[in-house]
Amino acid sequence: MIIGNKEELIRATQEIVRIASVKEAPAGEGKPFGQGVAQALEYALEKGRELGFKAENFSGYAGHIEYGEGNEIVGILCHLDVVPAGEGWSVDPFGGEIIDGKLYGRGTIDNKGPAMAVLYGLAALKESGWRPRRRIRLILGCDEESDWECMRNYLPLAGKPEVAFTPDAEFPVINSEKGILMVELSGELQTPKGIELVNIQGGNRPNMVPDRCRVTLRGIEDDGLLAKTAAKIGAKMDIIREESEITMVFKGVSAHGSLPETGVNAISYALAMLVHLGFDQGIINDLYEHIGFSHDGRGLNIEVRDEVSGPLTANMGVISMKGNRVAVMVDIRYPVSFTEEQILERLAAGLPPAVTLQSHGGKAPLYVDGNSELIQILQQVYEKHTGQEAKLISIGGGTYARALDNAVAFGPVFPGQTELAHQPDEYISVSHLVHLAEIYSDAIAKLGQGK
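Using this note's numbering, the first residue of the sequence shown is number 259, and each one after it goes up by one.
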């Protein structure tokens, strides 16, 4: 399907990216995730209505746009919430600017751009006179980046599609997603003589590699000692002195928490600095010894892998301090052949007695048989549009696919493309956006005809 209204697709993507739909406290009825998320949802639903589709808002938790009257439903699941912008941007993260053919902004690839590509791909089908045997439903969630409260509220009311895909990961087709487990590790602070740790704070979300970590100390008089130690451990940081206190701001590189090896963890460098300054006892040393710069779980007794989905990853995403206790949130992505209980059991056995382990829950792994009708159709569509073999792959990221019984992730990132989700200067090229609309339009057409 050739997308005729390309300019509208591009403009709509720019406009929805300009809405800062980061989760916040409830802002009243119909706004459970704050004003920005609610505004983004209503914008998308109104676009659907303008294009001639039915649209429904489910109390601000999610919404959907529908076409057709069939009993069976083909679902395409997207999300309109985004992670915080973070630091390190060279452009306005909510500006929606197009520079050299690239549309910049938080959510352009994750996941507002793909959502608009699906909507305008569906609109092109409708304008061509196509009528589906199955009902087509574009589902727009609003809490994907946090706790999936959107799906817990939406699915019991709207029901589950019989078949679905989500354009929220990579091409060709993802039939395996690792399990997700969030844990908190905490313990008592022990300080060396003459130095006081006033505060340590870093990271925005557990599922983001932290690009900043602030450490405030008292008792350090020699700024040169800090600079020398930073050079020794390879840390990039700024030093801010205010009277008796000195603050070090460690700089890393943000990345998606499921791919910690692609980022630079600022918390790791903060811990390394503190250990070199004499914090070689207590929770600071425990975290450095058992996590440090590793992201494979080896120091936590959870270094496991399987043939289908590969190795476990662990991202130390947030660190905080309250009173005399320091805590970190760790985002663990474990292979599909393991269970949450097995990982927790191994983790508990590998931690020092002084470290407290608290599970914050997670999501079970996903695996869909490669011989299913859904996967075979998506493989055919991908090969038609790219001329490349549609290999089945596994990811550590968690998509809406695992909320359903028969769903997989399908794009939007092509093999060889840089993964920009959750990173500074996130963008989608205009040509990529249009190509996605064509691919998703074709996938919807084939799935919409049923068996």
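The C-beta atom is built at its ideal place from N, Cα and C for all residues, glycine as well.
Would a C-beta distance cut-off of 8 angstroms place residue i and residue j closer than the cut-off?
{"i": "Pro378", "j": "Ala607", "result": "The question names Pro, but residue 378 is Tyr in the sequence shown. For Tyr378 and Ala607, no; Cβs fall outside 8 angstroms."}
{"i": "Leu624", "j": "Phe423", "result": "no"}
{"i": "Ala488", "j": "Met531", "result": "yes"}
{"i": "Ala382", "j": "Ala302", "result": "no"}
{"i": "Tyr527", "j": "Ile491", "result": "yes"}
{"i": "Asn664", "j": "Gly575", "result": "no"}
{"i": "Arg499", "j": "Ile560", "result": "no"}
{"i": "Ile651", "j": "Glu428", "result": "yes"}
{"i": "Tyr727", "j": "Pro425", "result": "Missing from the structure shown is residue 727; the chain here goes from 259 to 709 and no further."}
{"i": "Pro390", "j": "Gly326", "result": "yes"}
{"i": "Ala296", "j": "Ala285", "result": "yes"}
{"i": "Asn431", "j": "Phe668", "result": "According to the sequence provided, residue 431 is Val. The question's Asn does not apply to it. In this structure, Phe668 lies closer than 8 angstroms to Val431 by Cβ."}
{"i": "Tyr592", "j": "Thr366", "result": "no"}
{"i": "Cys400", "j": "Phe291", "result": "yes"}
{"i": "Lys436", "j": "Ser567", "result": "yes"}
{"i": "Ser279", "j": "Val340", "result": "yes"}
{"i": "Leu632", "j": "Val666", "result": "yes"}
{"i": "Ile274", "j": "Gly461", "result": "no"}
{"i": "Leu609", "j": "Ile542", "result": "no"}
{"i": "Glu403", "j": "Lys281", "result": "yes"}
Cutting at 7 angstroms between CB atoms, please list the residues of its own chain near residue i, excluding the five before and the five after it.
{"i": "Leu484", "result": "Ile478, Ile497, Met506"}
{"i": "Ser502", "result": "Arg476"}
{"i": "His553", "result": "Pro518, Glu519, Thr571, Ala572, Asn573"}
Could you check if residue i is buried or exposed, using at least 16 other CB atoms within 10 Å of its CB as the buried criterion?
{"i": "Glu287", "result": "exposed"}
{"i": "Arg395", "result": "buried"}
{"i": "Gln646", "result": "exposed"}
{"i": "Asp411", "result": "Note that residue 411 is Asn in the sequence shown here, rather than Asp. That one is buried."}
{"i": "Lys370", "result": "buried"}
{"i": "Asp350", "result": "exposed"}
{"i": "Ser434", "result": "buried"}
{"i": "Gln616", "result": "exposed"}
{"i": "Asp627", "result": "exposed"}
{"i": "His337", "result": "buried"}
{"i": "Ala622", "result": "exposed"}
{"i": "Gly417", "result": "exposed"}
{"i": "Gly262", "result": "exposed"}
{"i": "Glu420", "result": "buried"}
Compute the Euclidean distance between the alpha carbons of residue i and residue j, then round it to the nearest angstrom.
{"i": "Asp589", "j": "Glu385", "result": "44 angstroms"}
{"i": "Ala392", "j": "Leu602", "result": "In the sequence on display, residue 392 carries Arg and not Ala. Looking at the two C-alpha atoms, the distance is approximately 42 angstroms."}
{"i": "Leu517", "j": "Thr571", "result": "8 angstroms"}
{"i": "Pro673", "j": "His693", "result": "14 angstroms"}
{"i": "Ala313", "j": "Arg563", "result": "43 angstroms"}
{"i": "Gly620", "j": "Leu439", "result": "4 angstroms"}
{"i": "Lys264", "j": "Lys580", "result": "51 angstroms"}
{"i": "Ala701", "j": "Gly387", "result": "16 angstroms"}
{"i": "Arg276", "j": "Gly363", "result": "8 angstroms"}
{"i": "Pro670", "j": "Asp405", "result": "22 angstroms"}
{"i": "Gln539", "j": "Thr449", "result": "8 angstroms"}
{"i": "Arg463", "j": "Cys408", "result": "18 angstroms"}
{"i": "Ile397", "j": "Leu529", "result": "42 angstroms"}
{"i": "Val467", "j": "Val586", "result": "13 angstroms"}
{"i": "Leu380", "j": "Asn329", "result": "18 angstroms"}
{"i": "Arg472", "j": "Gln459", "result": "5 angstroms"}
{"i": "Gln707", "j": "Leu309", "result": "21 angstroms"}
{"i": "Asp481", "j": "Ala493", "result": "15 angstroms"}
For residue i, I'd like the list of residues in its chain whose CB is within less than 6 angstroms of its CB, leaving aside the five on either flank, ordered along the chain.
{"i": "His548", "result": "Gly557, Leu558"}
{"i": "Val613", "result": "Leu443, Gly445, Asp544"}
{"i": "Asn457", "result": "Thr474, Met579"}
{"i": "Ile323", "result": "Gly306, Phe311, Ala313, Leu396"}
{"i": "Ser687", "result": "Gly359, Lys360"}
{"i": "Leu662", "result": "Lys418, Ala422"}
Excluding sequence positions up to five away, which residues of its chain have a Cβ less than 8 angstroms from the Cβ of residue i?
{"i": "Ile469", "result": "Rather than Ile, the amino acid found at residue 469 in this sequence is Asp. The residues are Gly344, Glu345, Gly346, Lys509, Gly510, Val511, Ser512, Gly521, Val522, Ala524, Pro682."}
{"i": "Ala270", "result": "Lys305, Met374, Leu377, Tyr378"}
{"i": "Asn315", "result": "Gly288, Leu299, Glu300, Leu303, Gly321"}
{"i": "Leu415", "result": "Phe316"}
(Q) In chain order, what are the residue ranges of uninterrupted beta strand (DSSP E) at least 3 long that sit wholly in the stretch 591–670? (A) 614–621, 650–653, 665–667
Q: Could you name each continuous beta strand (DSSP E) segment of 3 residues or more that falls completely within the stretch 461–546, going from the start of the chain to the end?
A: 470–476, 494–500, 503–509
Q | Residue ranges of each beta strand (DSSP E) within the stretch 361–442, 3 or longer | A | 393–399, 421–424, 431–435
Q) Could you give the uninterrupted runs of the beta strand (DSSP E) lying entirely in the stretch 324–358, keeping only those of 3 residues or more? A) 331–337
Q: Pick out the complete beta strand (DSSP E) segments inside the stretch 289–320, 3 residues or longer, and give them in chain order.
A: 312–316
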